[in-house]
Amino acid sequence: MVGALRWISYINVRAVSFLFSDCHVLIYHVSQPLRYGFEGILANEFHTLKGKCSSLVPQGPGYEGVSLENQVCATVGALPGQDFVDGNRFIKLSYSYSHGHIWRDFGIVVAFGIAFIVALLIFSEFNTAVAGETFIVLFKRGAKSPVLSEAAQNTFDEEKSTTSTQPTGGDVDNEKADKALAAKPAMTDIFSWQHLKYTVPVSGGTRVLLDDVSGYVVPGKLTALMGESGAGKTTLLNVLAQRVDTGVVQGDRFVNGQPPPHDFQSQSGYCQQMDTHVPTDTVREALLFSAALRQPASVPAAEKEAYVEECLRMCGLEAYADAAIGSLGIEHRKRTTIAVELAAKPKLLLFLDEPTSGLDSQSAWAIMAFLRKLASSGQAILCTIHQPSAELFQVFDRLLLLRKGGQTVYFGDLGHNATKLIHYFEKNGSRHCDTSENPAEFMLDVIGAGATATSNQDWHAIWKKSPEAIETQERLDAIHNEGRSRPPVEATLQSEFATSWGNQFKELWLRNSRAHWRDPTYLIAKLALNIFGGLFIGFTFFKAKNTQQGTQNQLFAVYMGTILSAPLSNQIQVPFLNTRKIYEIRERPSRMFSWTALITSQFLADLPWNILGSTLFFICWYWTVGFDTSRAGFTYLLIGVAFPFYYTSLAMAVAAMAPSAEISALLFSTLFSFILTL
1 MVGALRWISY
11 INVRAVSFLF
21 SDCHVLIYHV
31 SQPLRYGFEG
41 ILANEFHTLK
51 GKCSSLVPQG
61 PGYEGVSLEN
71 QVCATVGALP
81 GQDFVDGNRF
91 IKLSYSYSHG
101 HIWRDFGIVV
111 AFGIAFIVAL
121 LIFSEFNTAV
131 AGETFIVLFK
141 RGAKSPVLSE
151 AAQNTFDEEK
161 STTSTQPTGG
171 DVDNEKADKA
181 LAAKPAMTDI
191 FSWQHLKYTV
201 PVSGGTRVLL
211 DDVSGYVVPG
221 KLTALMGESG
231 AGKTTLLNVL
241 AQRVDTGVVQ
251 GDRFVNGQPP
261 PHDFQSQSGY
271 CQQMDTHVPT
281 DTVREALLFS
291 AALRQPASVP
301 AAEKEAYVEE
311 CLRMCGLEAY
321 ADAAIGSLGI
331 EHRKRTTIAV
341 ELAAKPKLLL
351 FLDEPTSGLD
361 SQSAWAIMAF
371 LRKLASSGQA
381 ILCTIHQPSA
391 ELFQVFDRLL
401 LLRKGGQTVY
411 FGDLGHNATK
421 LIHYFEKNGS
431 RHCDTSENPA
441 EFMLDVIGAG
451 ATATSNQDWH
461 AIWKKSPEAI
471 ETQERLDAIH
481 NEGRSRPPVE
491 ATLQSEFATS
501 WGNQFKELWL
511 RNSRAHWRDP
521 TYLIAKLALN
531 IFGGLFIGFT
541 FFKAKNTQQG
551 TQNQLFAVYM
561 GTILSAPLSN
571 QIQVPFLNTR
581 KIYEIRERPS
591 RMFSWTALIT
601 SQFLADLPWN
611 ILGSTLFFIC
621 WYWTVGFDTS
631 RAGFTYLLIG
641 VAFPFYYTSL
651 AMAVAAMAPS
661 AEISALLFST
671 LFSFILTL
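Here it is, written out as structure tokens:
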């Protein structure tokens, strides 16, 4: 941005060189490729222009009979006896531009372009570093972790050429996780759904994404939701979790055979396929934030904090509790996602959308082994997964298999080594499954869901007539009848959110302020831009004199100071959009807080830094330009306080309606250009 200010300041410095020092003129001549393009454009446009004079001198009462030969146009480049101004003469006298320089300017601009391309190629050739898969885990200052102790011990052992026999942080965490999971109280509520149908509008009609799907999730069981791409796995998960806001959902969803409570979203956990967290937060801070805003306000803060520590132990994250989430590997980020949902203390069940996506085989096994332990402790889990290995497939207890169109192909227990699943397909006419074959790949191949597979059988029709489907319906009826004999699951929230607006604002403001403080690049860029921008503008118009030209320079100094808010606003929009993305994907569907608390907290977390930056700009700019000290107080109120308030709110308002940072920057530039021309 400082470079842009230099171009704006010096693009026409030749026309007013008497106002600037020799240093400024040198900058103009040496580093101003934009000037040549500007000269070429103006010279080409003004070459044939004959500008009609709007007023001639003298004129008015008493001069009605004065001939044109005795009048002159009060514009640069005008000649006596002419009522127009020649464009070539105007740019020659105003800017020292000449039409004869067009092709010279064109060549210079092309030469600069070629030079920039060559520089790009050279830098690209020598800058060949490729990001690896290794992660450097960053811990909060002063953190004490077995991981840090182990790293220090390993360094010491390498220097001493010895091997440490102490247990690793991971081993300690696994032992504590097993104990914590064993102490976790088991759930008793059963979630079920019956004859679900989901239709969405499309151009020319509607499309059925789910067609007559029934099933249930029992506490202590790990249920897999599988199918080919486009079968509706994630769609079903979103419908069951009440996270769809378009289309028509038909059918029933029950908790113990009765309608789910109105705060079902708060009593269930949903782990997105994409890990959405504030990267500067530590694992513990993310869990505390979830517990503070999703557990009822009646729960004491000390109890919430104690449960967060329990979740850290359950998820094997105790050693990484003070690590920044953005620095964690994929496996530990997945564990953090699960832990954040567990910290909300879901009473009903846990939804997971492809928790092994993007993981290597070892990390995928670690996540599935953890989910297996979590289910065995009494947690009800419904999990989508895409073509797991045979080892991962054996972790699940039950399977709901869909084909394209959202139609059920199988629902029921898998059995040891998926024997029940294989027996179902083989007895209904499928090919034989070899003992060395992956059952997950076998079933997808049989129903025609593989990459090259086809099927001549209608497995959905076979399922509807099968004894297994009848048994599933009977089991659902039994679950509903037994559940209706018990009191319904009560809602834990009496309002839309678990806590008050004030508490939401406090937690959000702390999170946003902490994120800014832990992002030195953001803060340094903001403050440095204000300081260097203020100094550059100030010394460009250093000690402007109290003359007509000096007044114009002071006005231009103010104008350039307002332009500086454009890049500052673009800086604001990036973290705003990142936080909005987390809110829209994970926090809003979970009913964590109001959007008004989010916007207010973001604004008030950013405003003090913008006021500080504008204060530094004012100090570097005001007296350097030579403004009167007697008016400094009111000017500071406008430039240092009111203007940051204005551009901060405008930047966030534009970002709130933009889909991306790039579109947001374009929208802001467009709207801001109207403001500058008013």
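Heads up: the sequence shown begins at 1 in the UniProt record's numbering, then just goes up one per residue. Heads up, the beta-carbon is just placed ideally off N, CA and C, and yes, glycines get one too. Keep in mind the model is a prediction, meaning the values are calculated, not measured.
Between the C-alpha atoms of residue i and residue j, what's the straight-line distance to the nearest angstrom?
| i | j | result |
| --- | --- | --- |
| Ser660 | Met226 | 32 Å |
| Ala665 | Leu650 | 12 Å |
| Leu79 | Arg89 | 10 Å |
| Leu236 | Thr521 | 42 Å |
| Ala656 | Lys526 | 21 Å |
| Ser268 | Phe191 | 10 Å |
| Pro300 | Val239 | 33 Å |
| Leu349 | Met274 | 20 Å |
| Lys160 | Ala319 | For Lys160, the pLDDT reaches just 48, beneath the cut-off of 50, and the residue's location in the model is therefore unreliable, although a value from the coordinates is still provided. Their backbone Cα atoms lie some 25 Å apart in a straight line. |
| Asn417 | Lys221 | 16 Å |
| Met560 | Met652 | 22 Å |
| Glu305 | Phe497 | 19 Å |
| Tyr270 | Met187 | 17 Å |
| Leu598 | Leu523 | 21 Å |
| Ile479 | Gly257 | 6 Å |
| Tyr216 | Lys373 | 20 Å |
| Leu564 | Trp609 | 15 Å |
| Gly550 | Ala544 | 5 Å |
| Ser485 | Ser203 | 46 Å |
| residue 714 | His516 | Past the boundaries of the shown model lies residue 714; the chain is included only from 1 to 678, so the question cannot be answered. |
| Phe634 | Gln504 | 36 Å |
| Ala323 | Leu535 | 39 Å |
| Thr648 | Cys620 | 21 Å |
| Cys433 | Asp445 | 11 Å |
| Gly593 | Asn512 | The identity of residue 593 in the sequence shown is Phe, whereas the question assumes Gly. Cα to Cα, the separation comes out at about 14 Å. |
Note the first and the last residue of the continuous alpha helix (DSSP H) segment covering residue i.
| i | result |
| --- | --- |
| Lys345 | No alpha helix (DSSP H) contains Lys345, which DSSP labels as neither H nor E. |
| Thr569 | Note that residue 569 is Ser in the sequence shown, not Thr. From DSSP, the alpha helix (DSSP H) with Ser569 extends over Ser565 to Ile582. |
| Gln265 | Phe264 to Gln267 |
| His516 | Trp501 to Trp517 |
| Phe627 | Element bounds for Phe627: n/a, residue is neither H nor E. |
| Pro33 | Pro33 to Phe46 |
| Leu352 | Note, Leu352: premise wrong, no alpha helix (DSSP H); beta strand (DSSP E) at Leu350 to Asp353. |
| Arg403 | Looking at the DSSP string, Arg403 is not in any alpha helix (DSSP H); the run it does join, the beta strand (DSSP E), is Arg398 to Arg403. |
Assign residue i to one of three DSSP states: helix, strand, or coil.
| i | result |
| --- | --- |
| Lys52 | strand |
| Phe139 | strand |
| Phe116 | helix |
| Ile447 | coil |
| Gly257 | coil |
| Cys433 | coil |
| Ser673 | helix |
| Ala323 | strand |
| His195 | strand |
| Pro279 | coil |
| Tyr424 | helix |
Could you tell me which of the options sits nearest to residue i, measuring between CA atoms?
| i | options | result |
| --- | --- | --- |
| Thr48 | Thr615, Leu210, Ser98 and Ala469 | Ser98 |
| Pro259 | Phe541, Val340, Pro488 and Gln82 | Pro488 |
| Leu616 | Phe46, Thr223 and Phe532 | Phe532 |
| Gly405 | Arg631, Gly613 and Ala231 | Ala231 |
| residue 685 | Ala224, Ile330 and Gln571 | Outside the shown range of the chain (1 to 678) lies residue 685, about which nothing can therefore be said. |
| Asp641 | Thr624, Thr629 and Phe618 | In the sequence as presented, Asp is not what sits at residue 641; that position holds Val. Considering only alpha carbons, the answer is Phe618. |
| Arg403 | Phe396, Phe411 and Asp397 | Phe411 |
| Val208 | Gly215, Tyr216 and Thr199 | Thr199 |
| Pro219 | Gly107, Gly378 and Phe139 | Gly378 |
| Phe106 | Asp86, Ile136, Lys465 and Phe38 | Phe38 |
| Tyr622 | Ile422, Tyr636 and Leu374 | Tyr636 |
| residue 687 | Phe396, Trp509, Arg313 and Arg580 | With the chain covering only 1 through 678, there is no way to say anything about residue 687. |
| Ser266 | Ser203, Asp212 and Leu342 | Leu342 |
| Asp519 | Thr280, Gln242 and Leu56 | Thr280 |
| Glu228 | Leu401, Ser500 and Gly633 | Leu401 |
| Val340 | Ala321, Leu392, Thr384 and His195 | Ala321 |
| Trp193 | Arg253, Thr677 and Val137 | Arg253 |
What are the boundary residues of the beta strand (DSSP E) that includes residue i?
| i | result |
| --- | --- |
| Pro644 | Segment Phe643 to Ala656 is the alpha helix (DSSP H) holding Pro644; no beta strand (DSSP E) there. |
| Tyr526 | The question names Tyr, but residue 526 in the sequence shown is Lys. Lys526 -> not in any beta strand (DSSP E); alpha helix (DSSP H) instead, spanning Pro520 to Thr540. |
| Ala224 | Leu222 to Gly227 |
| Arg313 | Here Arg313 belongs to no beta strand (DSSP E); instead the alpha helix (DSSP H) covers Ala301 to Met314. |
| Gln407 | Gln407 to Asp413 |
- Item | Inter-stretch contact at 8 Å, needing at least 3 Cβ pairs: the segment 98-118 / the segment 34-44 | yes
- Sufficient close CB pairs (3 or more, under 8 Å) joining the segment 309-319 to the segment 327-340: yes
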